[in-house]
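J.:
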Amino acid sequence: RSPGTRRLVLWTLGVTVQNNPSVQADLVGLGGLQRLASRLPRCGAAAGAPAAAQDREEAEDLQYCGKLLFTLSGLVKNNATTQASATELGVFDWLLRVGITHSSVAVVKKSLGLLETALAQSPDLQVLETLPHLREELARTLLAHVRGPAAERVDPDLAEKALRLINRILSLRPMLFAPTFRPELAAAVRDVTQRCEGAFGAGDELCAGLAGLAGHANLMLTASDIADEDL
1 RSPGTRRLVL WTLGVTVQNN PSVQADLVGL GGLQRLASRL PRCGAAAGAP
51 AAAQDREEAE DLQYCGKLLF TLSGLVKNNA TTQASATELG VFDWLLRVGI
101 THSSVAVVKK SLGLLETALA QSPDLQVLET LPHLREELAR TLLAHVRGPA
151 AERVDPDLAE KALRLINRIL SLRPMLFAPT FRPELAAAVR DVTQRCEGAF
201 GAGDELCAGL AGLAGHANLM LTASDIADED L
């Protein structure tokens, strides 16, 4: 099948499973979750890893990867059982280790969003147990997404998704990040807010929303700092 055909099939599946429990169950029963999960490595293979010609083609096809994540998202959302199965298949581990660090901003956004949604719906996901081992790398990645690209162009949507995931993680693992994370987050938020207001105007709803999310994160970080000092 051509890349265009594969993308169309994924898109059709993704639209069909959105908020449709019966179709989701049918697709999972047919092994759809396993087949979709098995294609994730094609969207983020380690540098230098060998790959077949088709694998290289799909790894370079960011539209394919975006539609793959769209379909996976529709399949696992709102279903704790499917989310548990996705955990066993390494879906959330891939999102955490590869998806949110991907070179494609579109893939990063989908990965951030799906992780936040899954953790909100299944706060006991096994992937949480891996967070302490990834603490420093995760902090750097999320702070970079809050701050956004080094260029002057600002991406409020990327910053918002990163902040929402930060808030979700803090609500479940309030002591995860090092004490330096709080001032580093404050600096990143100041930077992105200034650039946001420069692009969209002071008082813009998008920019104010970032400040609100950051304020909520700061409250949780402050509480964890106080608790840590009391230990």
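Each residue of the sequence shown is one higher than the last, beginning at 1 in UniProt numbering. For glycine and all other residues, C-beta sits at the position ideal for the given N, C-alpha and C. Just so we're clear, the structure is a prediction, and the values are computed from it rather than from any experiment.
1) Ignoring anything shorter than 3 residues or poking outside the stretch 10-48, list the beta strand (DSSP E) runs there in chain order.
2) Could you check the C-alpha separation between V23 and L95 for me, to the nearest Å?
3) In angstroms, rounded to a whole number, what distance separates the CA positions of L219 and V9?
4) Between the alpha carbons of D155 and R195, how many angstroms are there, rounded?
5) Take A150 as the anchor and find which of G203, A188 and S38 has the nearest alpha-carbon.
6) Considering only the alpha carbon of each residue, which of A178, A86 and D157 lies closest to V108?
7) In chain order, what residues of the same chain lie with their CB nearer than 6 Å to the CB of V76, ignoring the 5 residues before and after it?
8) In whole angstroms, give me the CA-to-CA distance for N142 and E129.
9) Just the Cα atoms here: how many angstroms apart are F92 and L114?
10) Once DSSP output is grouped into helix, strand and coil, what is the label at M175?
11) At what residues does the alpha helix (DSSP H) containing G148 begin and finish?
12) Are there three or more Cβ pairs, one per stretch, closer than 8 Å when the stretch 163-177 is compared with the stretch 206-223?
13) Relative to the C-alpha of A159, which residue among R135, E137, R168 and V192 is closest?
14) Looking only at its own chain, which residues have a Cβ that is under 6 Å from the Cβ of S111, when we skip the five neighbours before and after it?
15) Does the beta-carbon distance from A178 to R135 come in below 8 Å?
16) Could you give the residue range of the alpha helix (DSSP H) that holds P183?
17) Could you tell me the distance, in whole angstroms, from the CA atom of G203 to the CA atom of L27?
18) Measure the alpha-carbon distance for A162 versus P3 and round it to whole angstroms.
19) At which residues does the alpha helix (DSSP H) containing E129 begin and terminate?
20) Nearest CA to the CA of Q34: which residue from T12, T16, N20 and T71?
T.: Taking the geometry as given:
1) DSSP runs (the beta strand (DSSP E)) wholly in the stretch 10-48: none.
2) 24 Å
3) 44 Å
4) D155 and R195: Cα-Cα distance of roughly 9 Å.
5) A188
6) D157
7) T82, Q83 and A86
8) A quick correction: the sequence has Leu, not Asn, at residue 142. Their backbone Cα atoms lie some 18 Å apart in a straight line.
9) 9 Å
10) Here M175 sits in coil by DSSP.
11) Run containing G148: none; DSSP gives neither H nor E here.
12) yes
13) V192
14) Cβ neighbours of S111 beyond the five flanking positions: L95, G99 and I100.
15) yes
16) F181 to F200
17) 45 Å
18) In this model, A162 and P3 are separated by some 30 Å (Cα to Cα).
19) Note, E129: premise wrong, no alpha helix (DSSP H); not H, not E.
20) T71
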